[in-house]
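According to my numbering, the sequence shown holds residues 765 to 1051 in order. Note that CB positions come from ideal geometry on N, CA and C, so glycine has one too. Quick notes on the structure that follows.
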Amino acid sequence: MTATTLGVVLTEAEKTLTDAGAWLPREDAEQLAAHVMGCTVAQLPLDAVPGAEDLARLRDLVAQRADRVPVEYLTGRAVLGGVEIAVGPGVFVPRKHTEPLLAWGLDVLHGVSRPLAVDLCTGSAAIALAVAHARPDSTVHAIELDPVALSWARRNVARQAELGDTPVALHAGDVTDPAMFAELDGTVDLLLPNPPFVVDGVVLPPEWQEHQPWSALFGGQDGLVVIRAVVAAAVRLLRRGGGVAIEHDDEQAEVIMSLLREQDAFTDISYGVDHWGTPRYTTARRK
Ligand SMILES: C[S@@+](CC[C@H](N)C(=O)[O-])C[C@H]1O[C@@H](n2cnc3c(N)ncnc32)[C@H](O)[C@@H]1O
């Protein structure tokens, strides 16, 4: 009997994941294999025959991925702004779609010494940690309502501080509270919220619908409940010239730009696109 090489196992896994509806079946299979074998994807020994234990572990992970468990929950990690973030059940998985929002925010901070940034709806603390990593001279506050997400955020904040990044100040709280961060009113250089924005009742792909916390996803009957609070907070918290970028779905840029215009408090109201070229975040500067 010919022993099965990793290359063959990956081809089988790719087929399993394709049949299950995963949209990046090959990449997922490779990431899971690299996770099991403790190497990078580029280092995967495709011609080698995996040991029985590794093979069983990989097949188990592929089966879970075929159940549409997010690949990041299976590997335990996601990356934003070059910072590795621990993730797992109970916390939203940071997305590649957020990289352009982060880049816009870092651009706003260009030339600002010792900037003050706030991550509203921080989840795993990914955005806050990416800002602190890129700008060691910054002060970054992050706020989150959900206790499970907060526990992931605490873990990530502690790890990055241990690695030498500027510590992020993490707060338990509700961004719809009109007194949130009242002590920072008029002083914030940058707000980078990625709030829940999906319209209640929309059925998302299983990676979100079945596996990620709904409180991270759904934003009320029009999807804008938390976003309205974020806009109000931006009016209050930002200093003159300070910037806000709000992440949202493909079709919300116009309505969020209208919400910002209604405040008569912002200039340069615009939107940015993600790596697919899809409108993904709306931006403004405080007058
Ligand atoms: C879409 S996730 C974004 C998480 C993270 N910023 C990221 O980009 O990966 C939204 C987060 O907002 C949190 N959240 C929802 N409503 C909130 C509220 N009223 N106050 C604070 N956080 C809230 C959710 O628990 C979730 O962690």
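What would DSSP say about residue i, mapped onto helix, strand or coil?
i	result
T804	coil
H905	strand
P1043	strand
T1031	strand
R923	helix
D953	strand
E1011	strand
A881	strand
R1050	strand
L1002	strand
V990	helix
V1019	helix
T1037	It is Val, not Thr, that sits at residue 1037 in the sequence shown. If DSSP states are grouped into helix, strand and coil, V1037 belongs with the strands.
S888	coil
P789	helix
P855	Contrary to the premise, residue 855 reads as Val rather than Pro in this sequence. Note: V855 maps to coil in three-state DSSP.
L810	coil
R918	helix
V995	helix
R1025	helix
A767	coil
Distance check for residue j and residue i, CA to CA, integer angstroms please.
i	j	result
D883	P1043	20 Å
A793	T780	10 Å
L822	V805	14 Å
W1057	G815	Residue 1057 lies beyond the residue range present for the chain, which begins at 765 and ends at 1051; the question has no answer from this structure.
G887	A767	44 Å
L1001	H1012	20 Å
M1021	K1051	15 Å
E974	L788	18 Å
Q795	A842	11 Å
L1024	A943	20 Å
L865	L880	17 Å
G1006	V963	29 Å
S915	C885	14 Å
W972	D818	28 Å
L825	D901	40 Å
Q1027	S877	28 Å
Along the chain, where does the alpha helix (DSSP H) that runs through residue i open and close?
i	result
A820	816-830
D871	863-873
V772	770-784
Looking at the unbroken beta strand (DSSP E) that takes in residue i, where does it start and where does it end?
i	result
E971	Per DSSP, E971 belongs to no beta strand (DSSP E); it is in the alpha helix (DSSP H), 970-973.
A936	933-936
Bridge partners of residue i, per DSSP?
i	result
F982	V962
A850	R841
G928	Answer is none; G928 lacks a bridge partner.
Contact the stretch 948-965 vs the stretch 827-847: 3+ CB pairs below 8 Å
The stretch 948-965, when compared against the stretch 827-847, does not touch it at the 8 Å Cβ threshold.
Across the stretch 988-1003 and the stretch 955-975, are there enough close Cβ pairs to call them in contact, namely three or more that are closer than 8 Å?
Between the stretch 988-1003 and the stretch 955-975 there are three or more C-beta pairs closer than 8 Å, enough to call the two in contact.
Contact between the stretch 887-899 and the stretch 841-849: three or more CB pairs below 8 Å?
At 8 Å Cβ cutoff, the stretches touch.
At least 3 beta-carbon pairs within less than 8 Å: the stretch 854-865 vs the stretch 1027-1040:
Three or more Cβ pairs closer than 8 Å define a contact, and the stretch 854-865 meets that threshold against the stretch 1027-1040.
Kindly confirm or deny that the stretch 900-918 and the stretch 937-944 touch, where touching means at least three C-beta pairs closer than 8 Å.
Under the Cβ criterion (8 Å, minimum of three pairs), the stretch 900-918 counts as touching the stretch 937-944.
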